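Accompanying notes for the structure given below.
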Amino acid sequence: MHDVHTTGRAPLTHAAGSPGVNRPLRLGVGGPVGSGKTTLVGELCRSLRDTVSIAVITNDIFTSEDADALREAEVLSLDRIVAVETGCCPHTAIRDDIASNLDAAEQLEQRIGDVDLTVIESGGDNLTAVFSQGLVDAQIFVLDTAGGDDVPRKGGPGVASADLLVINKVDLAPYVGSDVAQMVADADARRQGRPTMAISLRGADGIEPVAEWVRNRLMELSALST
Amino acid sequence: MAVDASALPLHKPRPSSVGLATLLMLADGRLPVGAHANSGGVEWACQIDDVADPEVLESWMRARLATIGTIDAAFAAATVGQIEADHDLSILDSELSARMVGERSRLVSRQLGRQFARAAHRIWSHPTNGDVGTPDGPYAPIALGMTAAVLGVTPTEVAGVALHHNVASGGTAAVRLLGLDPLAVAAMQARLGEAVDTIAQDADVWAASDPADLPSRNSPLAEVLAEEHGTWSSRLFLA
Chain A
609 MHDVHTTGRA PLTHAAGSPG VNRPLRLGVG GPVGSGKTTL VGELCRSLRD TVSIAVITND
669 IFTSEDADAL REAEVLSLDR IVAVETGCCP HTAIRDDIAS NLDAAEQLEQ RIGDVDLTVI
729 ESGGDNLTAV FSQGLVDAQI FVLDTAGGDD VPRKGGPGVA SADLLVINKV DLAPYVGSDV
789 AQMVADADAR RQGRPTMAIS LRGADGIEPV AEWVRNRLME LSALST
Chain B
624 MAVDASALPL HKPRPSSVGL ATLLMLADGR LPVGAHANSG GVEWACQIDD VADPEVLESW
684 MRARLATIGT IDAAFAAATV GQIEADHDLS ILDSELSARM VGERSRLVSR QLGRQFARAA
744 HRIWSHPTNG DVGTPDGPYA PIALGMTAAV LGVTPTEVAG VALHHNVASG GTAAVRLLGL
804 DPLAVAAMQA RLGEAVDTIA QDADVWAASD PADLPSRNSP LAEVLAEEHG TWSSRLFLA
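Each protein sequence line maps, in turn, to chains A and B.
The numbering used here applies: residue 609 is where the first sequence begins, and numbers increase by one.
The numbering used here applies: residue 624 is where the second sequence begins, and numbers increase by one.
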């Protein structure tokens, strides 16, 4: 057995680390394809960016589609957004093998220097996809009202265990015959008291309740670390 | 065509300083080091080189094993030897850079190396931080070799693991990208086993060799295509 000699530079961070102490809060945003994850991340950045230093990592099926959308929307400066490849399996990259996301988070946080919040957006996936505890400190799961009002009833790890469940596009409910009140009730039945928000991100200030929830997570963290 | 198991030579058990379970973990594609997002060049091969069926994939994979596969195996084995001899690994790092001239290939190998070093440190709590004196972390085969040295894995074993990952990554990517029959791909992997074993036989020589004399036959075309792959706007795999 041999010890490998180390030289000079500070070690790579090997532990998952502690948010607010040696790294920023890491927030996962997941949910099915087309539910509004990229819109939510974009709106969140717009709402928080004046007071919070934010970095974003996207896990698109095709490398940089979502990152490009966020860059084009100019929600953050370009150097604060990176995309990682997921080898055709977006859920693997956020749950089973988080290595490339961890690497991207550390590289990005180190390069920017003063990050308070790193948002990791998953690729659009199925209802069983959740973020690993080794990657994020909190996660938001986003559903589409028009994606079927039986989805909260079907449940699954995303619906049941996300720290915040967002039911998006409630403005579409009358056009697709979705019962939003029933969706929220079904979600509540599965979530053991964890919050659910029914919103429309396209509406004025649609993001505000979500942004407020994220601000509270950041405040909890700064209270913990002082 | 399947491999006829009855025709395989019987090997006597060989002494190894590492536990079988440790070696199997190192070889397991499910080890969370980010390998699932590395096609080992197969993504661009599917698009540019017309790899579309298991037969062509096998030819392509043999070429891969003879070029960057051999270099990876040699540098993993040499890392074990250099550490045993108490040598500075920065020479190996420079020698591998000289064999991997494309900026994209280097960037990818260092990312995979960082990911491996980060995971290995958490899993086996070994005292290395994966640092070879470069700001961007170790190249992938050197990171693998560093862990092998700490765990007591032999040069031959670590060379075999490096080659196995080469074949497994490419095969899995081909299944995902082309929808190839996974059993046909597994049969291909079994047929490549002999090539893997043959290449790994040189590992003890590599472990004792001057880094400048390690294998250097990389494929310039592969380097160019990897560079181009890095510029694709729609990419499913890191490399």
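Built from N, CA and C at the ideal position, the CB exists for glycine as well.
All values derive from a computational prediction rather than experimental measurement.
The segment 622–702 of chain A is shown to contain whole beta strand (DSSP E) runs of 3 or more residues at 633–638, 662–666 and 689–691, in chain order.
Interface annotation, A/LEU710: in contact with chain B, CB-CB separation under 8 Å. Contact between the segment 786–806 of chain A and the segment 711–718 of chain A is absent: fewer than three C-beta pairs spanning the two stretches fall below 8 Å.
For A/ALA701, the nearest CB of chain B lies under 8 Å from its own CB, placing it at the interface with that chain. Only residues of its own chain outside the window of five on either side were considered, and among them GLY652, ALA658, ASN661, SER662, GLY663 and VAL665 have a CB closer than 8 Å to the CB of B/SER792, listed in chain order.
Annotated as proximal: A/LYS645 and A/GLY639, with beta-carbon spacing under 8 Å.
Listed by position along chain B, the residues whose Cβ is nearer than 7 Å to that of A/SER672 are SER856. When 9 Å is used as the limit between beta carbons, A/ASP704 is near these residues of chain B: ARG653, PRO655 and HIS659, in chain order.
If you look at A/ASP752, you'll find it in the beta strand (DSSP E) that goes 746–752. A/GLY755 is the residue among A/LEU772, A/GLY801, A/ASP711 and A/GLY755 whose C-alpha sits nearest the C-alpha of A/GLY785.
The straight-line gap separating the alpha-carbon atoms of B/ALA696 and A/ARG810 is approximately 53 Å. Residue contact with chain A for B/PHE698: absent (no Cβ-Cβ distance below 8 Å to any residue of chain A). Spatial neighbours of A/ALA819 in its own chain (CB-CB distance under 7 Å, excluding positions within 5 residues in sequence) are listed in chain order as LEU652, SER655 and LEU656. By the Cβ criterion, the segment 777–793 of chain B is in contact with the segment 684–692 of chain B, since at least three pairs of Cβ atoms, one from each stretch, lie closer than 8 Å.
Non-local beta-carbon contacts of B/ALA831 in its own chain, meaning distances under 7 Å to residues more than five positions away in sequence, involve GLY704 in chain order.
Rounded to the nearest whole angstrom, the CA to CA distance from B/LEU643 to B/ALA771 is 13 Å. Closest option to B/LEU859, judged by alpha-carbon separation, among B/THR821, B/VAL828 and B/ALA796: B/ALA796. A distance below 6 Å between beta-carbons, with the five flanking residues on each side excluded, links A/PRO817 to the following residues of its chain, in chain order: MET805. In this structure, A/VAL629 lies away from A/VAL727, with their beta-carbon atoms at least 8 Å apart.
Annotated as proximal: B/ASN841 and B/ARG722, with beta-carbon spacing under 8 Å.
In the structure shown, the three-state DSSP call for B/THR821 is helix.
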